[in-house]
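Take a look at the structure set out below.
Residue numbers (the working numbering), protein chains in the order written: chain B, -19 to 227; chain C, -19 to 227; chain P, -19 to 227; chain Z, -19 to 227; chain A, -19 to 227; chain E, -19 to 227.
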């Protein structure tokens, strides 16, 4: 599938409207974690580690179920201008909390928590370098780290049946000068009328859709075009996850 | 427009799929604020006040623009089980921050901040009683409080041209046993496969769309049916806002 | 009993020196709490809810005694000028802590904690609108919510003997231009030389007396006149509590 | 003046009902502060320092007035059982805030803030050893430190007219087995039915009266007897302050 | 042993290069703690209390070992300029945490934690007056308080064998105008090129060495001269600790 | 220079006593920062970025001097066991504060802050993977990032004269089974009797020396042997810094 911008309109990145940035998924990036993935969507680079803990939060204790959760952070100079270190400020900002809640919910959507048993897998997604789309890169990479952590549990015979069903990936879409475009980098995101983050599974089902009108409100047709574009992008990301996991 | 549930399926609330709860919008609920609205969506009751301050946040100082922001809170016993008071815990939770960011963004979408001038309008949305849909009720009520605050500014000749264009309202939609339904109460929300909050303006444009798969992922068709349902619900809410403001 | 101001002196509210504001006590104001009372002393409106929890704080565990405690909050725009939200600031101020400690102590003075058993009743007193005397209104309303919560426990046969003995109510008194006056509203409080909050039981005993010289120090005679005035006011408040509970 | 306990009743301390503990007021206890006083009420020892700063809080800036404020702290092992260090816990408790607000209000009652000019005097009251009555000892000692700080300002010709009028001192009173007693130590405080802290000036005027029923409610007669006892105790404390300042 | 400054160089304090300030160690300074020592190094005065608690931190539970830890604080006006109260600021600063970690490590170096059994001894070191060297005075005094607390445990037969082996003391050294000097006061510390804190035991072994170049980097020879000087100073401090404990 | 372990003693890493781990210094690791260096000491990897800000902290404003400061963080799963995220816990731990204070002091030792002018350079040192010696790797890498940031300032003609004099590097040394060894990895650090961090400049001067007895106290001879070993290690590190900066 291909699409094109209207005569004379060029994306700041020079990409075709439905073109992803170069995506790389490096497994085993650090050594201690049960899963450790450096995911890059162009210049956006996120280190996603999966840590297994044989405990569950208080609200799940004794229920025979596991938990999957995420934390998100941005190194102070991941961005163009240095931002305050949240640890030094003494609290995580609203944006951080919002993103880590999104990552956690998205990944829980592909886990059978009964099969996981009473253990917690924490996905730490730390942005080393930001250029737009950090949350969608984080979800896409964290899925691979999660699979690695589950494989580690299986290799040690701690669990027998695979608690993960399907795959989960995410991408952003937007409307740039009237044209729906895929996988916005920072420059494009800043210049778009609408920004939408879409999380889907490998069966084509939607897990999260979060669209925000930046400039003016968007129409039903734009919503549909953006979700269609997200579908094609996520299908390709799922293929890359599979390739990385087969590697 | 009417719709119906499949043979034998009844919403917990007994409502038709496209039926809103009883909505009430009471202006002037408290006396000190420039705008003060008690909004009820059924048993959900949110007190929305608008406060005018002749200052703007640091990042806007000297730019000749105003700011519109929101804070959200829930009284500890607004819910069935008492939750900890955020002031006592020493921080606002992620859900709170997420909601108040949503309310602020939604309302800024109908304000010309240049016309507002260098002042801030803060919308405090405090949930007195919760029964599902507190954030959509808050947005719907806060819009009315915002208009009242702007009228107050106009009545004092502090601003001449109205900085508000159009209206903003919000509603939740979901898929209950396969059927898209409008304006979920708490019992329905807990039992739905998908929960989506939609914010729109009075011109039929989307401002925010936030859909989350609770049970299993949702399909493109469900997404479209839910947004269509939201459109009809929000059109009716905008009518009620107008009626309240005319009152 | 009547009293009067010296020739030519009028209270800002126009009330007689020993006249309470209009007091209303509405039970069942919200639906989830075991006790829920909206109390109004004139324009001061406080929502008091009582929540039952089958646990006690650590220092009481295993002692066979219950606990009664209070939390106090003020909606940001309950007052004439918006005050910062304590949850957003990250801590409760000294005034808030002082008031909630006072409310808790006052209500514990009428509870046999052995009879309550190992459970905690939390009184949340949230000021929807402030016009002076919020702490005394809170105590007066919280007592009614507490009784309702205890009745709820009795109706479920969780406790058999009533742990509440007597009644507790509170009122403020002050000295306005040399004359002791009852139940100060905000305008009067700001203009008084002395402000005193008095908590009493229905047997005429004092539970708390907190007097503060605002302008100049007060004399022994003024202290006596103020406490006498408080006695008459509280007797009337206790009657209103009884009437509300009989309703 | 003497008084006595009923036949067979003895205060735990063995003192007569109207007898203060041994009071010592040592000026110049530490070297850096503009005023530094170690005050002892028996085994209660509080270090009170007065620090002068040529700034005022934001709410007073440009008004030509000064400010007097207090902070209170207790060393972790000032008490029989070690309590957590508030700095380590990350916040001051309600009791601490309540006491430091009381100390600040009490001392402001004897200061003409216009004459003080745009400067702040902070009274730090740190309890080295606690045996009941720490807040009343703190007020009594802080007054002396405040006078020393003002004298220091005068000696440097920073102010010409003395902004302090009169003196302020404080003492606790209670009802022990039916008898009003003066200046409770910890053992007596724990065993009293009523505990009252009284702050007065040297003219016999009341600045603060804070009485709390610990066991059962107290009667009007008891309130009067306690305030009368406080009057005699404070008169003696004011004499000791004068003697210390003359030293 | 004596040493001297080069012709024409005088320490600000007038002391010989290897001369300690006057050191005093007063046991039993406050009454509640199991060990309570006021230690003075000249005008630096630190109150060190030792508190015994029959619990250990979570990471040691059930291991049959005890714990020794320290907390450090400075009264706001211990210094020439008032510093903010850490409890009011809501956190302990980096310097405070660094010092209390040092004190804890230093004292654990002379304790057999198995012999101590499952209990914690907390050393609270609160600076009443600061004139340089507060951390070294704190370590030297806290050792004595620790011994007193252990003796208290032994006197109650809670432990039989003494868990303390040897003694621990500390002193600062520096290089002043090219000459190594012992036990810097504040004026000297501010004017030194190098500042080093040394903790040793009574067997001449080093427990901590922390040297910092203030002005220019220091040479190997200076490091050796400073450590030699520290050895002689600490030997004298250990003698004073012994004398105090024999008293 | 070579040295060897006693017959039959082998370092856990198999290295010779005076052998550094493989050190890599990669400049330009991320794209936004004025200096960005990934430094590796074996498996320890620290990302050091230098950020230039045209402001100074309040205590330096208007003095015509710049500031150099550091912040340190560890990704939650940089270590073998996941540690809590400091941003989520709401504060930086004592170890973090201690390390970042050390890094800042060390780098300020080679900067002429007058020549830097009124700007701040912040060195963010974030540990991606930890295997002992993170603080010494951080200092060594941060120096290179600092030089890059200064070159960036020079290339933009914002400063003319180079404010950096000399070089700063750091290494750890310890005593393993009686033998002084260089550059401890985590396994060695855990098994050493003494651990010392040394910061030096390229002229052979000491900037910081921090030695801690882990097991038993160390002797003067050991201290000298360790500092001698550090000298040789740091000389090699300074060579590598030069080579990297020449690259």
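Ideal Cβ placement from N, Cα and C applies to all residues, glycine included.
| Check | Outcome |
| --- | --- |
| Which full runs of the alpha helix (DSSP H) of 4+ residues lie inside the segment 98 to 136 of chain E, going along the chain? | 114 to 135 |
| By the 10 Å Cβ neighbour count, where 16 or more other Cβ atoms means buried, how is residue -11(C) classified, buried or exposed? | exposed |
| Should residue 304(Z) be labelled buried (16 or more other beta-carbon atoms within 10 Å of its own) or exposed? | Any answer about residue 304(Z) is impossible in this case: the structure gives chain Z only from -19 up to 227. |
| Using CA atoms only, rank isn't needed, just tell me which of 26(B), 17(B), 91(B) is closest to residue 125(B). | 17(B) |
| Taking the straight line between their C-alpha atoms, what separation do you get for residue 158(Z) and residue 214(Z)? | 22 Å |
| Verify whether the separation of the beta carbon atoms of residue 13(B) and residue 81(E) is less than 7 Å. | no |
| For the alpha helix (DSSP H) that residue 0(C) lies in, which residues bound it at each end? | Premise fails: residue 0(C) is in no alpha helix (DSSP H) and is neither H nor E. |
| List, in order along the chain, the chain E residues whose C-beta lies closer than 8 Å to that of residue 207(A)? | 200, 203 |
| What would DSSP say about residue 202(E), mapped onto helix, strand or coil? | helix |
| Under a Cβ-count criterion, where at least 16 other Cβ atoms within 10 Å of its own Cβ denotes burial, should residue 15(B) be classed as buried or exposed? | buried |
| Relative to the C-alpha of residue 19(B), which residue among 30(B), 129(B), 4(B) is closest? | 4(B) |
| Taking the straight line between their C-alpha atoms, what separation do you get for residue 68(P) and residue 175(B)? | 28 Å |
| Please classify residue 72(P): does DSSP put it in a helix, a strand, or coil? | coil |
| With a threshold of 16 other CB atoms inside 10 Å of the CB of residue 170(A), please say whether the residue is buried or exposed. | exposed |
| Residues of chain Z with CB under 8 Å from residue 78(P), in chain order? | 74, 77, 78, 81 |
| Quick check on residue -19(A): does DSSP put it in helix, strand or coil? | Note on residue -19(A): pLDDT 39, under 50, position unreliable in the model; the coordinate value appears next. If DSSP states are grouped into helix, strand and coil, residue -19(A) belongs with coil. |
| Under 7 Å between C-beta atoms, does residue 100(E) make it to chain B? | no |
| Look up residue 175(P) in the DSSP assignment and give the residues it is bridged to. | 154(P), 192(P) |
| Could you tell me the distance, in whole angstroms, from the CA atom of residue 225(Z) to the CA atom of residue 66(A)? | 31 Å |
| Would residue 119(A) and residue 197(E) qualify as a contact pair, given that the criterion is a beta-carbon distance under 7 Å? | no |
| Measuring only between beta-carbons, confirm whether residue 192(C) sits less than 7 Å from chain B. | yes |
| Quick one: is residue -2(B) buried, meaning 16 or more other Cβ sit within 10 Å of its Cβ, or exposed? | buried |
| Which residue's Cα is closest to the Cα of residue 131(Z): 123(Z), 183(Z), 122(Z), 142(Z)? | 142(Z) |
| Can you list the residues of chain B that residue 152(E) reaches, using a CB-CB cut of under 9 Å? | What residue 152(E) touches in chain B: nothing, since even the nearest Cβ is about 20 Å away. |
| Pull up the DSSP beta-bridge partners for residue 31(B), would you. | 102(B) |
| With DSSP as the reference, please indicate the residues paired to residue 186(C) in a beta bridge. | 198(B), 180(C) |
| What are the residues in the segment 1 to 13 of chain A lying within 7 Å of chain Z by C-beta distance? | 10, 11, 12, 13 |
| Taking a contact to mean a Cβ-Cβ separation below 7 Å, would you say residue 23(Z) touches residue 111(Z) in this structure? | yes |
| Using only the alpha-carbon positions, how far apart do residue -18(B) and residue -5(B) sit? | Its pLDDT being 47, under 50, residue -18(B) is placed unreliably by the model, and the measurement read from it follows with that caveat. Answer to the nearest angstrom: the Cα atoms are 11 Å apart. |
| Which residues in chain C have a C-beta closer than 9 Å to the C-beta of residue 85(P)? List them in chain order. | Those within 9 Å of residue 85(P) in chain C number zero; the least Cβ separation is about 17 Å. |
| Which same chain residues, not among the five before or five after residue 36(B), have their C-beta less than 6 Å away from its C-beta? | 47, 98, 100 |
| Please tell me whether residue 155(Z) and residue -9(Z) are closer than 7 Å, where the distance is taken between their beta carbons. | no |
| One question on the structure: do residue 190(P) and residue 177(P) come within less than 7 Å of each other, judged by their Cβ atoms? | yes |
| Which residue or residues does DSSP assign as beta-bridge partners of residue 149(A)? | 180(A) |
| Buried or exposed, going by whether 16 or more other CB atoms sit within 10 Å of the CB of residue 84(C)? | buried |
| State yes or no: is the C-beta of residue 107(B) within less than 7 Å of the C-beta of residue 54(B)? | yes |
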